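K.L.:
Numbered as in this note's numbering, the sequence shown ends at 237 without a single skipped number. Where a beta carbon is used, it is the ideal one built from N, C-alpha and C, also for glycine. Because the structure is a prediction, the values reported are computed rather than measured.
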Amino acid sequence: MLAIIGAMDEEIELLLADLHSREDLAFPGVTLHRGTLGGVPVLLTKGGIGKVNAAMTTTYLLMQGATRVIFTGVAGGVHPELQVGDIVVSTDCVQHDVDVTALGYAAGTVPGETPTWPADPTLREAALTAAREVPGVRVLDGRVASGDQFIASSEGVQRLWTTFGAACAEMEGAAVAQVCAKAGVPFVVIRSVSDTADHDAQVDYREFMPRVARHAKQVVRGMLAQLHAQAGGQPGA
Numbered sequence: 001m002l003a004i005i006g007a008m009d010e011e012i013e014l015l016l017a018d019l020h021s022r023e024d025l026a027f028p029g030v031t032l033h034r035g036t037l038g039g040v041p042v043l044l045t046k047g048g049i050g051k052v053n054a055a056m057t058t059t060y061l062l063m064q065g066a067t068r069v070i071f072t073g074v075a076g077g078v079h080p081e082l083q084v085g086d087i088v089v090s091t092d093c094v095q096h097d098v099d100v101t102a103l104g105y106a107a108g109t110v111p112g113e114t115p116t117w118p119a120d121p122t123l124r125e126a127a128l129t130a131a132r133e134v135p136g137v138r139v140l141d142g143r144v145a146s147g148d149q150f151i152a153s154s155e156g157v158q159r160l161w162t163t164f165g166a167a168c169a170e171m172e173g174a175a176v177a178q179v180c181a182k183a184g185v186p187f188v189v190i191r192s193v194s195d196t197a198d199h200d201a202q203v204d205y206r207e208f209m210p211r212v213a214r215h216a217k218q219v220v221r222g223m224l225a226q227l228h229a230q231a232g233g234q235p236g237a
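Now the structure itself:
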């Protein structure tokens with residue numbers, strides 16, 4: 001079963017409105033919504049902000065039978081070519097706020113873990129194909145840097161670009177990736193750029209978030225159509 005996560009209500013509200021045969025599953029701190037989108041069985045949820053919330057929500061999804069995970073939402077652009085409204089599809093994820101360099105580990109490396117967690121190639125290609133159907137936006141595949149920090153300075157952006165080669169900065173993707181990797185579950189992170197992650201960014205969220213929701217709906221529905229077709233259009237595939 002495919003699972004779809006957004007950190008905030010605005011990131012999943014249009015998808016939730018389209019969910020057929022909806023069943024709500026309540027767990028401590030999170031509610032999962034089970035149903036179908038485009039004839040495909042899915043689990044859809046708001047995961048909350050930050051890496052702990054993301055990891056907890058992902059664990060619940062896997063316990064309820066999720067076999068593939070899509071995370072969709074907003075991020076600050078780090079790659080110098082990105083503009084507000086552009087879309088980033090993850091090649092891999094890294095936790096930029098992990099620092100065990102004093103013990104000889106590379107920046108971002110959790111001891112005992114791989115330095116980064118690669119996205120599933122099939123999901124990534126489906127996301128790129130669907131995102132390129134969204135008019136008027138640049139689509140870039142690149143590294144998603146996650147941390148429990150809101151990056152709001154040019155110095156912070158430069159650090160993520162030079163240290164990690166990050167395309168964008170957000171607060172959940174790498175936690176989802178780490179949990180999925182431990183369980184052997186394919187994942188991809190899809191982010192719409194809400195700002196350029198520095199103190200000069202000026203974003204009207206009341207205007208921007210509805211656009212993000214429309215883009216998220218279009219990309220996810222496009223992915224579902226592709227994956228459904230690849231599975232031969234069989235219900236539950």
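#1: Can you tell which of G48, W161, R124 and Q64 has its C-alpha closest to the C-alpha of V42?
#2: Does the region 207 to 222 come close enough to the region 71 to 78 that 3 or more CB-CB pairs lie under 8 Å?
#3: Under a Cβ-count criterion, where at least 16 other Cβ atoms within 10 Å of its own Cβ denotes burial, should K245 be classed as buried or exposed?
#4: Give the straight-line distance between the Cα atoms of L62 and G35, rounded to the nearest whole angstrom.
#5: Just curious, the beta strand (DSSP E) that E10 is in, first and last residue?
#6: Measuring only the C-alpha atoms, how far is L227 from T196?
#7: Could you name each continuous alpha helix (DSSP H) segment of 4 residues or more that falls completely within the region 12 to 92, going from the start of the chain to the end?
#8: How big is the Cα-Cα spacing for P135 and I190?
#9: By Cβ distance below 8 Å, which residues in the same chain neighbour D92 in space, the five residues on each side in sequence not counted?
#10: May I have the straight-line CA-CA distance separating S154 from M1, to the nearest angstrom?
#11: Taking the alpha carbon of T67 as the reference point, which residue from L37, G184, M223 and V219 has its own alpha carbon closest?
#12: I'd like to check one pair, A55 with V179: are the Cβ atoms closer than 8 Å?
#13: Any contact between the region 76 to 95 and the region 14 to 34? By contact I mean 3 or more CB pairs, one from each, below 8 Å.
#14: Decide if V100 is buried, meaning its Cβ has at least 16 other Cβ atoms within 10 Å, or exposed.
#15: Is the Cβ-Cβ distance between G47 and G112 less than 8 Å?
#16: Name the DSSP bridge partner or partners of F187?
#17: Jot down the residue ranges of each uninterrupted beta strand (DSSP E) in the region 95 to 179, minimum 3 residues, whole runs only, in chain order.
#18: Taking V139 as the reference, which of V98, S146, A127 and F208 has the closest Cα?
#19: Taking just the CA atoms, how far does L82 sit from S277?
#20: Check G6 in the structure and name its three-state DSSP category.
#21: Near T57, which residues of its chain fall below 7 Å by C-beta distance, leaving aside the five closest residues on each side in sequence?
#22: Once the 5 residues before and after Q149 are set aside, which same chain residues still bring their CB inside 7 Å of it?
P.N.:
Put simply:
#1: Position 42 of the sequence shown holds residue 42. Looking at the Cα atoms, Q64 is the closest of the given residues.
#2: yes
#3: Past the edges of the chain, shown from 1 to 237, lies residue 245, and the structure says nothing about it.
#4: The residue you call residue 62 lines up with position 62 of the sequence shown. The residue you call residue 35 lines up with position 35 of the sequence shown. Distance between the alpha carbons of L62 and G35: 16 Å.
#5: As a first step, residue 10 must be located in the sequence shown, where it is residue number 10. Unbroken run through E10 is the alpha helix (DSSP H), D9 to D18; no beta strand (DSSP E).
#6: Numbered from its first residue, the sequence shown carries residue 227 at position 227. Numbered from its first residue, the sequence shown carries residue 196 at position 196. If you take the alpha carbons of L227 and T196, they lie about 32 Å apart.
#7: 51 to 63
#8: The residue given as residue 135 occupies position 135 in the sequence shown. The residue given as residue 190 occupies position 190 in the sequence shown. Between P135 and I190, the C-alpha separation is close to 16 Å.
#9: Here residue 92 refers to the residue found at position 92 when the sequence shown is read from its first residue. So the qualifying residues of the chain are T116, W117, P118, A119, R143, V144 and A177.
#10: If you number the sequence shown from 1, residue 154 lands on position 154. If you number the sequence shown from 1, residue 1 lands on position 1. In a straight line, the C-alpha of S154 is about 40 Å away from that of M1.
#11: By one-based count along the sequence shown, residue 67 stands at place 67. When only C-alpha atoms are compared, the closest one is G184.
#12: Residue numbering aside, residue 179 sits at position 179 when the sequence shown is read from its first letter. Residue numbering aside, residue 55 sits at position 55 when the sequence shown is read from its first letter. A contact, by the Cβ cut-off of 8 Å.
#13: no
#14: As a working note, residue 100 is residue 100 in the sequence shown. With fewer than 16 Cβ atoms within 10 Å of its Cβ, V100 is classed as exposed.
#15: On the sequence shown, residue 47 is found 47 positions in, with the first residue counted as 1. On the sequence shown, residue 112 is found 112 positions in, with the first residue counted as 1. No.
#16: Looking up residue 187 in the sequence shown gives position 187. In DSSP, F187 forms a bridge with V69.
#17: 139 to 146 and 166 to 170
#18: The residue labelled residue 139 in the question sits at position 139 within the sequence shown. Nearest C-alpha to V139: A127.
#19: One cannot answer for residue 277 here, as it falls past the ends of the chain, which runs 1 to 237.
#20: As a working note, residue 6 is residue 6 in the sequence shown. Looking at G6 - three-state DSSP - the assignment turns out to be strand.
#21: Locating residue 57 in the sequence shown gives position 57, counting from the first residue. Here the set comprises I5, V30, T45, G47 and G48.
#22: Residue numbering aside, residue 149 sits at position 149 when the sequence shown is read from its first letter. Only D97 meet the Cβ criterion.
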